[in-house]
Each structure stands twice: as C-alpha cells, then as structure tokens.
Amino acid sequence: MKHAASFFRAGCLVAVACLNVGLAHAQSFGSGSIVPQDQQAQSMTSQAPGANGQQQGQQAQQQAVNDQPRANWNSSNYGPVDPSQQEKVDPNTLPPFGANLFTGGFRGVMADGLNPGYTIKPGDQINLRVWGGTEMQSVLTVDSQGNIFLPGIGPLNVQGTSNSGLNSRVTAAIKSVYPENVEVYTNLQGVQPVGVFVTGYVKNPGRYSGTPSDSMLYFLDQAGGIDQALGSYRQIAIKRGGRTVDTIDLYDFLINGNMPQTQFRDGDTIVVEARGPAVAVVGDVERPFRYELAGETLTGGDVINLARLRSGVTHVLLRGDRPDGPLARYLTLNEFRTANVRRGDEVLFSADQRSESIVVQVEGSYYGPSRYVLPRDAHLGEFLNAISVPKSMTSYQDVSIRRQSVAEQQEESLNESLDRLEQTYLGYPARTTGEGEIQVRQAELIERFVQKARQTKPTGRLVVARGDNIADIRLQDGDVVTIPESSDSVLLSGEVTIPQAMVYTPGMSAEDYIRQAGGFTPRADDDQVLVVHRNGAVIHAGDTDVRAGDEIMVLPAAPTSNIELATSITQILYQVAVATKVALDL
182 MKHAASFFRA GCLVAVACLN VGLAHAQSFG SGSIVPQDQQ AQSMTSQAPG ANGQQQGQQA
242 QQQAVNDQPR ANWNSSNYGP VDPSQQEKVD PNTLPPFGAN LFTGGFRGVM ADGLNPGYTI
302 KPGDQINLRV WGGTEMQSVL TVDSQGNIFL PGIGPLNVQG TSNSGLNSRV TAAIKSVYPE
362 NVEVYTNLQG VQPVGVFVTG YVKNPGRYSG TPSDSMLYFL DQAGGIDQAL GSYRQIAIKR
422 GGRTVDTIDL YDFLINGNMP QTQFRDGDTI VVEARGPAVA VVGDVERPFR YELAGETLTG
482 GDVINLARLR SGVTHVLLRG DRPDGPLARY LTLNEFRTAN VRRGDEVLFS ADQRSESIVV
542 QVEGSYYGPS RYVLPRDAHL GEFLNAISVP KSMTSYQDVS IRRQSVAEQQ EESLNESLDR
602 LEQTYLGYPA RTTGEGEIQV RQAELIERFV QKARQTKPTG RLVVARGDNI ADIRLQDGDV
662 VTIPESSDSV LLSGEVTIPQ AMVYTPGMSA EDYIRQAGGF TPRADDDQVL VVHRNGAVIH
722 AGDTDVRAGD EIMVLPAAPT SNIELATSIT QILYQVAVAT KVALDL
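For the sequence shown, the working numbering gives the first residue as 182, with consecutive numbering after it.
Shown next as structure tokens:
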C-alpha cells in the first residue's frame, strides 16, 4: 500500500502518453518551449539518450520513489476531529421528518366510501334489483337496528357486512323464499357522512366531516396538520367510546407507504400525542431533519435507514449527553451502524474520504481523448508535456484554464462591487427639487446597469501565461485546459461603428483596426479600449500589441455627469469585461 500512490501517479501519466503515441504530424508540448526548462515537470514521454542512461535513470527513479502514503488519515482534513470545537445542532431548530406532509394534498378529495372492505352501517343506502321468477326494484335504507326490509321476505340484518359480501347475503335471503329462477343485484349507492374530532397537538383542533373510508390523513390535513414543534408523527391514537382502537406511526407511511385502513364512525376522535424524544441528523444528507424516536434509543443502522445519505458518506460524528457526561465519537459508517443513539443526540454525516485522482478536460487544438484522470497533485507542465497537438495549427502561447472556483470568485467580487454601487448612490437625500430630479434619473441609470451586470456570467478563465512561458500551476478537479487553434482574424466588439471580424495584419494597432471598422460610436469611451488575448488576459490597448486571434473591445462611456459615479461604473464595466469578455451595453 505504501507504493500504491506513487505507482498510480506514474500509471496515469504513462497512460496519457501512450494514448498519444503514433499520432501522425503531432507535436508534444514537451519538445517545445511552452514551459521553461527549469519549470518543466518530468515528462513520462521523454527518453534517455542510451540504454545505459535509461537503466541508470530507472534506478534513480526507483530510489526517489516516495513511499509515504498520499493520504494522512490523522490530519484535520480526514479526522478524527475535535468535536468540542464545533457547535452542536439543537434538534428543536430543525424541521421534523414529514414536515411537508400536510400542505393540503389530502383534504382536497373526499373518499366515496364504496371500497370493497367498507362495512355497512345504519343510514347507508342499498340499490336492490331482482328479476326472473319475481321482480323487485327498490332503494333500501339501513335502519337504526342495522336492517333492510325486503318486500315479501321481511327484515334482513346487514350491519357489519362488508361491501364485497353484501350481494351474497341479500341473494341468500331472497333465494330462501324464491329458490329457483331468480337473479339478484345489489349495489351500495351512498354512505352516511361521519364527524370526527381531531385534537391533541394539531394546528386547528375541531370536528371535521368526511366519509367512514376517508384516511386519517384526510382529517389531520383538515385540521392544519401536526404541530411541528410539539406534535408526534409516531404516536397518533384513534379513540372510540373512550378506548383506543388503533395507534398509527406515520413514519411507516412516509418510508414504506403503509397506512392502516381504519373505518371511522361518527364521533370518533383522532388524538395527536406529544412529540417523543428526537435526534438531529445533519451533514451530507439530502435534507437535515429532526427524527423522532419510537422509544428512548435506536441504533445507528436505524438512523441510516431513516436519513437519505448523499453518495460518498464515510464517517459519522455522534454527539450527545449521557449519565456519565458528554459524549463525542467520530465513527466510520460501519461502526456507527451498531452505535446507540439517544434523545437529544446530534448525528452528522460526512464524506471524509478524499479521492486520490482528478478529472481534467482538454478543449481546442489537440490529439487524443478530451478527458484525463490524473493524480491529485498533477501540474499543468507535466500534463501539457504529455498532450500531442497539431504542429502548425496550435497557438502555444495562448494556453489557459477555465476553473469553476475562479468563476465563483469573479461572480462574488462583481456582486460585491454592484452592492457597493447601490449603497453609495441610492437613497442619498436630496437638498433641492432640482437635485432630487437628478438623483431620480441617476437612480434609474444605476438600477438598469446593476440589473444588466448581475445577468452576466463570469467565465472563470485563469491566465497562466507569463510572457512567452506558461506557469506550472497545480491542476484542480474539473479544470478545462484550453489549447486554442491558430487564428488569422481579429474581432472588434463593443462601441465601434461596425463590429466585425477582420483579417490580422502584423504591425497594426488597436486604433488602426477601430478606424477601419468605422471608428467609435458616440457612446464610446475612447480611453477604455481593451485587448482580450486568447489566453484570457485583458489589457489596455496602449499597454500591449494586438496578436492574431485577439478581440478588441471598446467599453461604453458612463452616461452621467457625476464624475464619481462615472468612475465607479467604468471600473465595474472593466471588471465585467475581464470576467465575462462582454462589453456591457448601457
């Protein structure tokens, strides 16, 4: 295991090099001058001049192998951690598991009560049809004694009979008098509504109407649902005549979809008990919740079954209070399965195992695959040394990197600048009527500008060019290395009369290209002419030469006479241009 990391690193770069061997008319970055000789990492594609030199190089490389493990599991990045330095999460501050259950989805439709398991009770109506040896058609109402009266036959008790067994019971009674050539059809036509009391820890206790076959959720939803702070989702009693006929645990419904089919009677009571002991589950889970315990304790395996863990979870931080003092344990996921979790505990799941590899993408002018799996500490220089490119079609000096973390930083910085602009110039009191009118127009300008600026998306372009060389920086997971193709054009954008792409002419300045494109528009700021190089660098036109493939960008002048405001807007325009390669239209 000690040599695994080093072999993995060598294997990755050898694989990258092998993918590019034998490609016709290809040139390796390692043979060029992209990375200075003193900065270049050891390329896996380079070879020693002779057999003896190659053997000596291999022996030296074997002696220089780092036999230390790449991951130190005793570091602060991997744990164990000091749980006392982290603030414990109070279960009472989290929403309960099932908090989104009562949002009106159950009270919208009342059941018709005609399911096969429904049992007949007084007040129900039965449609009866008899034909053959005798004929009979009538709608019969179940009386208070539970009977229906069959003409020519007499009373028949049907109370307690299921809907599915009603037809056979009535048929047997009729055939006891008319044994031959008689057909019978019965249908439960309507059921009596019931009124059910809902009380306990619910938002709106009261008496609510429904049908006997309605779910308990129907009545709870009519009462506004369970009180999230005080009510129990695991202890809900259905009482009839002073005794409990059923106790329902909604976790079984939330997780497995199981709901007891209780047939309600008029005057039944649904009682939501007080919330039981709970634990807080946070960290790398889909949603942090407060989970209620069915008893005083449960195992870590039960918590894992309740929570929805994200992929990659490896460790659990368990904290709580015990009779012998505070408890804080940092466990692997398997160790946590057998741990005891008690009331008030906090369970924090975390993905602490770091991957030893990264995925880097290549775009632009290159040979071979577009994605590579590399060691975590791979550098740009050694990666470029292993990439083959078309010899005469690649712009070597314009290599750059698109990185997500840079895009996030650019967006955060831009938003902070826009916030400062609004705080500085909006809401400032006017001393005169004329000054107030000016400030209104100024506020409208700022609001339009801020709205447009917030809609821009930074590219996250990281400039790695250092003169004619490339900085040998460490790559990160998700990096996109851009190797541009050679170009013979120059793009003009922003406040020029005719934005267009023009053929590159050596020696021409940015002003020459703008003049050929018709010059500046009336809204242009001729002091803010930028040259955007293909490597991502954005430089004032007076400080750099125009190269093939560059973009000349003319920023607009801030439409205000307020010098301070104009300066602020111009700075943000420049910031937007650097981050997004866009000349924002004012």
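Built from N, CA and C at the ideal position, the CB exists for glycine as well.
Go ahead and pull the three-state DSSP assignment for Ile355. In the three-state scheme derived from DSSP, where H, G and I count as helix and E and B as strand, Ile355 is classed as helix.
So, for Asp447: in the same chain, excluding its five sequence neighbours on each side, which residues have a beta-carbon less than 7 angstroms away from its beta-carbon? Listed in chain order, the non-local C-beta contacts of Asp447 below 7 angstroms within the same chain comprise Val375 and Gly376, local neighbours out to five positions each way being set aside.
Mark Arg584 as exposed unless 16 or more other C-beta atoms lie within 10 angstroms of its C-beta, in which case mark it buried. The residue in question, Arg584, is buried, as its Cβ has 16 or more Cβ neighbours within 10 Å.
Examine the Cβ distances between the segment 651-665 and the segment 560-576 and report whether three or more of them are shorter than 8 angstroms. Contact between the segment 651-665 and the segment 560-576 is established, with three or more Cβ pairs separated by less than 8 angstroms.
Suppose contacts are defined by Cβ-Cβ distances below 8 angstroms. Is Ala691 in contact with Val661 by that definition? Not closer than 8 angstroms, so no.
Within 10 angstroms of the Cβ of Ser343, are there 16 or more other Cβ atoms? Answer buried if so, exposed if not. Ser343 comes out exposed.
Reducing DSSP to helix, strand and coil, say where Tyr382 ends up. DSSP places Tyr382 outside both helix and strand once states are collapsed to three, so it counts as coil.
Please go through the segment 647-674 and give each complete beta strand (DSSP E) segment of 3 or more residues, from N-terminal end onward. For the segment 647-674, whole beta strand (DSSP E) runs of length 3 or above, ordered along the chain, are 661-664.
Contacting residues, own chain, Cβ-Cβ under 7 angstroms from Gln752 (five flanking each side not counted): Excluding sequence neighbours, Gln752 sits near nothing in its chain.
Inspect the beta-carbon positions of Ala404 and Gly387 and report whether they are closer than 8 angstroms. Against a cut-off of 8 angstroms, the Cβ pair of Gly387 and Ala404 comes out as a contact.
With a threshold of 16 other CB atoms inside 10 Å of the CB of Phe330, please say whether the residue is buried or exposed. Exposed: under 16 other Cβ atoms inside 10 Å.
Would DSSP call Ser538 helix, strand or coil? Ser538 falls in the strand class under three-state DSSP.
Alpha helix (DSSP H) runs wholly inside the segment 453-531, at least 4 long, in chain order: List check, alpha helix (DSSP H) in window: 481-487 and 514-518.
Need the endpoints of the beta strand (DSSP E) that Ile417 sits in, please. Unbroken beta strand (DSSP E) run through Ile417: Gly412 to Arg421.
Three-way DSSP call (helix, strand, coil) for Gly391 in this model: Secondary structure at Gly391: strand, using DSSP grouped into helix, strand and coil.
Reducing DSSP to helix, strand and coil, say where Asp558 ends up. In the structure shown, Asp558 sits in coil (DSSP, three-state: anything other than H, G, I, E or B).
When you compare only the Cα positions, how much space is there between Leu602 and Ala646? So the two alpha carbons sit approximately 32 angstroms from each other.
Alpha carbon to alpha carbon, what distance is there between Val484 and Asp465? Spanning the alpha carbons of Asp465 and Val484 requires a straight line of approximately 13 angstroms.
From Asp408 to Glu467, what does the alpha carbon distance come to, in whole angstroms? Each residue's CA atom was taken as its position, placing Asp408 and Glu467 some 23 angstroms apart.
Count the other C-beta atoms from every protein chain shown that fall within 10 angstroms of the C-beta of Tyr414, then say buried if there are 16 or more, exposed otherwise. When all chains shown are included, Tyr414 counts as buried.
With DSSP as the reference, label Pro277 as helix, strand or coil. Of the three classes helix, strand and coil, the one that applies to Pro277 here is strand, per DSSP.
Thr450 by DSSP, collapsed to three states: which one? Strand.
Going straight from the alpha carbon of Thr392 to that of Leu508, what length do you get? Roughly 50 angstroms separates the two Cα atoms.
Could you tell me the boundaries of the alpha helix (DSSP H) in which Leu695 lies? Position check: residue 695 holds Ile in this sequence, whereas Leu was assumed. Residues Ala691 to Gln697.
Can you give the Cα-Cα distance for Gln221 and Arg704, rounded to whole angstroms? Because Gln221 carries a pLDDT of 42, less than 50, the predicted location of this residue cannot be relied on, and the following value inherits that uncertainty. Rounded to the nearest whole angstrom, the CA to CA distance from Gln221 to Arg704 is 47 angstroms.
Residues in its own chain within less than 6 angstroms of Pro680 by CB, not counting five upstream and five downstream? These residues qualify, in order along the chain: Leu673 and Ser674.
Just to confirm before moving on: does the CB-CB distance between Leu431 and Ile417 stay below 8 angstroms? Yes. Within cutoff.
Residue interval of the alpha helix (DSSP H) (run including Asn308): Asn308: not part of any alpha helix (DSSP H); member of the beta strand (DSSP E) spanning Gln306 to Gly313, first to last residue.
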